[in-house]
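Structure record follows, encoded as C-alpha cells.
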Amino acid sequence: MTWIVIAVLALLVFLLAIFLFKVPAGAREALAATLLLGIAGYALQGSPGQVGSPKAAAPDSPEASALLVDARAQISNSTIPPTNRWVIIADGLSRNGQNAAAAQILRSAVDEDPKNAEAWLAMANGLVAHADGTLTPAARYAYERAAKADDKAPGPPFFLGLAQAQSGEFLEARKLWAGLLEDAKPDARWRPVVEAELARLDAFIEANGMRGEAAPTPAGAGGAAGADKMSGANEVTPSVAGPATGPSRGEGGS
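Just so you know, UniProt numbering puts 177 at position 177 of the sequence shown, and the rest follows in order with no gaps.
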C-alpha cells in the first residue's frame, strides 16, 4: 500500500510540473530522473514500520489498573462503593486499561462537584497508571485536590506516596506514609496495608543508604506481618513492591 501511494504521488508531481508549472520538454527527463532517484533512496533506507511511525495507542495494563481501582476501595474510611455515576463509569474503563478515557469522564464529575474527593483520587490514579507509574504534574494536582476535598481521607496521601515511590521520591513517600499512620486510628481497616508498604519502602531506603533523612517509624506500625490482617492485602498494591528492587513502572474515593 505504501508503494502505491508513493507511485501516485510521484506521478502527480510529474504531471503538475508539466501542465501547471509548464516545465519545458528538455527538463522533463531530469525531473523524472530526480523523482525516480528519490523513490530509489526511499526503497533503500525508508522504514515506515519502525517505532517512529504513527501507531494506535496501546491500552494501559488492565490488571494493574483494576488493582488500583480495588485498592482505592480498601484504602478508605468508607465501606460503601462509589455511587457517583461518572466515577462508576470511569472505574469500568480503568478496569479495561482505558485510563485516558476514564480521566476524561472524571472531568465531568469534578466539574459537576469540585469537592468530589473520590473523583479527584480516581483521576489521579488513572493519570499515574496511564503514565506507566510516573507522577505527572496533572496527577499531582489531582491528588492535591482530592486531599483538599477530604483532608481526613487516607486515599490521597497513600496513593500520592505510592506514585512518589514509583517515581523515585522515596523519602517523600516515606514521610507521607509515616504521617498517615501517625494520624490513623489503631483499628483503621486500611492500617495494615500502609504498615506493610511502609516496611517494604523502609527496607529499600535502608539498603540504599538513604535512612539518614527519613522520619522515624510511627509507634504501632506492624510491618509486613500486619498486611495479613486485611483480606487480600498482599494483592492490593503490588506495584509498591517496586522499591524493594528499585522504582517500579506502574496510577481514587478516599
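Glycine is no exception: its CB is placed at the ideal position from the N, C-alpha and C atoms.
Between Tyr141 and Pro156, the CB-CB gap reaches or exceeds 7 Å. For Trp177 against Glu197, the beta-carbon gap comes to about 7 Å, under 8 Å, which counts as contact. Straight across, the Cα-Cα distance linking Arg145 with Ala102 is about 17 Å. As for any alpha helix (DSSP H) of minimum length 4 sitting wholly inside the stretch 136 to 199, the runs are 137 to 149, 155 to 166 and 170 to 183, ordered along the chain.
Ile105 counts as buried, since at least 16 other C-beta atoms from the protein chains shown sit within 10 angstroms of its C-beta. Membership of Ala102 in the alpha helix (DSSP H) is indicated by the continuous run Asn99 to Glu112. The Cβ-Cβ distance between Asn99 and Asp60 falls below 7 Å. In this structure Ala122 is in contact with Arg72, their Cβ atoms being roughly 7 Å apart against a cut-off of 8 Å. Your pair Ala109 and Asn116 checks out as a contact, with CB atoms roughly 5 Å apart and the cut at 8 Å. Across the structure, Ala25 and Ala131 are spaced so that their CA atoms are roughly 57 Å apart. Inclusion of Trp190 and Ala149 in the CB contact set at 7 Å is not warranted, their separation being larger than that value.
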